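Residue 825 is where the first sequence starts when you use our numbering, and the numbers rise one by one after that.
Here's the structure, in structure tokens; my notes come after.
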Amino acid sequence: MRQSKLFTRVLRDAPKDEETVNAMLLVRGGFVDKLMAGVYSYLPLGLRVLKNISQIVREEMDAIGGQEVLMAMLHPKEIWEKTGQWKKLDVLFELESRTGKEYAIGQSEEEVVTPLVMRRIDTYKDLPVATYQIHWKFRDELRSKSGLLRGREFLMKDMYSFHEHQADFDRFYEVAKQAYLKVFDRLGLVAKVTEASGGSFTEKISYEFMVLTDAGEDDILYCDQCEFCVNVDIAKQKEGATCPKCSRGKLSKARASEVGNVFDLGQKYGKNFDLTFVDRDGQKQYPIMGCFGIGISRLMGVIVEKYHDDKGIIWPESSAPFAAHLLALYGREDSDNNEVREKAESFYEKLQKAGVAVLFDDREDKTPGEKFAEADLLGLPWRLVVSARSKDKIEVKRRSDTESRLLTGHEALASFMDKQ
RNA sequence: CGGGGUGUAGUAUACCGGUAGUACGGCUGCUUUGGGAGCAGUUAGACCGAGUUCGAUUCUCGGCACCCCGACCA
């Protein structure tokens, strides 16, 4: 992509109506545009990040047998009445049409997916099934905040699984947890599996996947020796207490952001909709269901919270909108500039042929200083500089490094492809 | 929803009860070019409503929006 054609605009100053790091940097860099509190539009750069995160999630969900679908966002009132949530669930956006018919906008999709899946299930032989979607969710939050971390409209992966009995659910629950850890690991994040309340879903505990960050809005207690981690909402222990699991470590308290969660829904929704399958004994049975969420747009915010410096974002390669940022620097001499232009164009072409996602700063009316500053702000993993000074070589620098190396085009491409 | 804060140009800000100023950005021209260039010209602004006043961007009241803390949070 040529930067001269890229639909975006960077801001030199941080917008005054954002204080959170992720919001400031993403707005300044032209990744997103704020429409109102908690509602952002995604510009080309930001959309590429969302797509990259989505793709990683998609691959890991597919790997455990999830099947992608896309469900309706506009829901008839009746399905929410069946679960007793109409006029009860305060985050549910409810609306009335001009003919007086009432609707809800999806804030979660159990009410849609349960009848949808069960219409296709007759017997235990049809189970288990796990469907997921990556789609927008709408929640009437009293206070949305912290940029992408808590929006009223946000992109979420929600998977729903259906099982013939508890043992099969328990098996899949473990598989899904491991898949989740893989997703976060691929994104460069360390997520702690945290015991938490099941909310209005279930009496059982649920598991939240927490990434430590001061921008988060949950407090957790975790053991410094083992994997024990619990949301303070349900913790019976206090900070500094001995770990109840390993009895060796001490519990530390930290602020965290919930990037995923998994719930054992039991038979709640099967019962709500009175949808059954025939089990191995020929008896009608309600399915055991599970619900598995990952906040895609929130993850984008959390990544920025974890990966930035005072100059801008430092995207991990797995979610970066482009792998490389090729800068052509122009100077005084026309003859030099012609050479730079030619060299940069040809390297740009070479990178594209090699399949490298590259943003090419081909603008001729920008000074080197401005190009460097913007490159740091946008935070693409590799910076490749072509200038009169670099002669027939290319200056290669990782965004996370301070030193650059002078390499030939061939070496640059090779080292760069290796490390990708 | 409780508490606190802020609303002035695309962005960041200043001053003021009497013609709203600066920087950056945008546009034109010339000069520049390795860490957000210089000069000249130019473009563009008081959240909304009511009140007080000869006159309100400024004072008062009401609304709305945004940010922060908390509560809430499938």
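Backbone N, C-alpha and C define an ideal beta-carbon position, used for all residues, glycine too.
Note that the structure is predicted; figures quoted are calculated from it, not measured.
> Start and end of the alpha helix (DSSP H) containing Lys981?
Replying inline: Per DSSP, Lys981 is not a residue of any alpha helix (DSSP H); the beta strand (DSSP E) it occupies stretches across 977-987.
> What residue from Arg1104, Gln1107, Gly1073, Leu1005 has the CA that sits closest to Val1086's CA?
Replying inline: Nearest of Arg1104, Gln1107, Gly1073, Leu1005 to Val1086, Cα basis: Leu1005.
>> Tell me the rounded alpha-carbon separation between Glu1157 and Asp1189.
In response: Glu1157 and Asp1189: Cα-Cα distance of roughly 14 Å.
> Under 7 Å, do Leu951 and His987 count as touching if we go by C-beta distance?
Replying inline: For the pair Leu951 and His987, the CB atoms are nearer than the 7 Å cut-off.
>> So for Phe1101, helix, strand or coil by DSSP?
In response: Strand at Phe1101.
>> Comparing C-alpha positions only, which one of Arg922, Gly1094, Phe993 sits nearest to Thr938?
In response: When each option's Cα is compared against that of Thr938, the closest is Gly1094.
> Grouping DSSP H, G and I as helix and E and B as strand, with all else coil, what is Ile945?
Replying inline: Coil, per DSSP.
> Would you report the Cα separation of Ala1199 and Arg1207, rounded to the nearest angstrom?
Replying inline: So the alpha carbons of these two residues sit roughly 8 Å apart.
> Ile958 and Val881 look like a contact to me (Cβ under 8 Å); what is the Cβ gap, rounded to whole Å?
Replying inline: With 8 Å as the limit, Ile958 and Val881 qualify as a contact, their Cβ atoms being about 7 Å apart.
> For Ile830, which of helix, strand or coil comes out of DSSP?
Replying inline: In the sequence as displayed, the identity of residue 830 is Leu instead of Ile. It is coil, neither helix nor strand.
> Would a C-beta distance cut-off of 7 Å place Ser985 and Gly1119 closer than the cut-off?
Replying inline: Contact flag unset, no.
> Below 7 Å between beta carbons: does that hold for Ala1152 and Val1210?
Replying inline: For Ala1152 and Val1210, yes; Cβs fall inside 7 Å.
> How many angstroms separate the CA atom of Ala1147 from the CA atom of Asp1038?
Replying inline: Each residue's Cα considered, the two are about 28 Å apart.
> Would you report the Cα separation of Trp910 and Gln1091, rounded to the nearest angstrom?
Replying inline: Between the alpha carbons of Trp910 and Gln1091 lies a distance of about 20 Å.
> So the beta strand (DSSP E) Arg1207 belongs to, where does it begin and stop?
Replying inline: Unbroken beta strand (DSSP E) run through Arg1207: 1206-1210.
>> Between Ser968 and Gly862, how many whole angstroms is the CB-CB distance? I'm expecting something under 8 Å.
In response: The distance from the Cβ of Ser968 to that of Gly862 is about 3 Å, consistent with a contact at the 8 Å cut-off.
> Across which residues does DSSP place Ile1127 in a beta bridge pair?
Replying inline: Residue pairing by DSSP places Ile1127 in no beta bridge whatsoever.
> By Cβ distance, which residues of its chain are closer than 6 Å to Leu835, with the 5 residues on each side in sequence left out?
Replying inline: Excluding residues within five positions, the ones whose Cβ falls inside 6 Å are Arg852.
> Among Thr1066, Ser1081, Ala1080, which has the Cα closest to the Cα of Lys1074?
Replying inline: The option with the nearest alpha carbon to Lys1074 is Thr1066.
> Which same chain residues, not among the five before or five after Glu1129, have their C-beta less than 7 Å away from its C-beta?
Replying inline: Only Val845, Asn846, Thr1037, Ala1039 meet the Cβ criterion.
> Of all the options Asp1160, Glu1032, Thr907, Asp1043, which has the alpha carbon lying nearest to the alpha carbon of Gly1213?
Replying inline: Sequence inspection shows Arg at residue 1213; the Gly mentioned does not correspond to that position. The shortest C-alpha separation from Arg1213 is found at Asp1160.
>> Can you confirm whether the segment 1130-1140 touches the segment 1160-1177 when touching is taken to mean that 3 or more C-beta pairs between the two stretches lie within less than 8 Å?
In response: With a cut-off of 8 Å, the segment 1130-1140 and the segment 1160-1177 do not count as touching, because too few Cβ pairs lie within range.
> Got a sec? Which residues, its chain only, sit under 6 Å from Met825 by beta carbon, not counting five neighbours each side?
Replying inline: The residues are Leu1183.
> If you count every other CB in all the chains shown that lies within 10 Å of the CB of Glu934, and 16 or more means buried, which is it?
Replying inline: Counting other Cβ atoms within 10 Å of its Cβ, Glu934 reaches 16 or more and is therefore classed as buried.
>> I'd like to know if the segment 920-935 and the segment 866-878 are in contact, where contact means that at least 3 CB-CB pairs between them fall below 8 Å.
In response: No, they do not touch.
> Under a three-way DSSP split, which group does Leu1202 fall into?
Replying inline: If DSSP states are grouped into helix, strand and coil, Leu1202 belongs with the helices.
> Residue range of the beta strand (DSSP E) that Met848 falls in?
Replying inline: Run containing Met848: none in the beta strand (DSSP E); it sits in the alpha helix (DSSP H), 845-852.
>> Taking only three categories from DSSP, how would you classify Ser932?
In response: In the structure shown, the three-state DSSP call for Ser932 is coil.
>> Assuming Gly803 is part of the beta strand (DSSP E), what are its boundary residues?
In response: Outside the displayed range of the chain (825 to 1244) lies residue 803, so it cannot be described from this structure.
> Under three-state DSSP, which class holds Asp1134?
Replying inline: Here Asp1134 carries a coil assignment [DSSP, helix/strand/coil].
> Straight-line CA distance for Asp1098 to Glu1051?
Replying inline: The straight-line gap separating the alpha-carbon atoms of Asp1098 and Glu1051 is approximately 39 Å.
>> Please identify the residue among Lys906, Asp1216, Ser828, Leu898 whose C-alpha is closest to the C-alpha of Glu1166.
In response: Checking every option, the nearest Cα to that of Glu1166 belongs to Asp1216.
> What are the boundary residues of the beta strand (DSSP E) that includes Lys901?
Replying inline: Boundaries for Lys901: no beta strand (DSSP E) harbours it, while the alpha helix (DSSP H) harbouring it runs 901-906, taken from the DSSP string.
> Quick one: complete beta strand (DSSP E) runs, 3+ long, within the segment 1030-1095?
Replying inline: Complete beta strand (DSSP E) runs here, min 3: 1030-1036, 1042-1047, 1053-1055, 1075-1090.
> Which same chain residues, not among the five before or five after Leu867, have their C-beta less than 7 Å away from its C-beta?
Replying inline: Non-local beta-carbon contacts of Leu867 in its own chain, meaning distances under 7 Å to residues more than five positions away in sequence, involve Phe831, Thr832, Gly854, Phe855, Val856, Asp857 in chain order.
>> I need the DSSP call for Glu1235, collapsed to helix, strand or coil.
In response: The three-state reading of DSSP puts Glu1235 in helix, counting H, G and I together.
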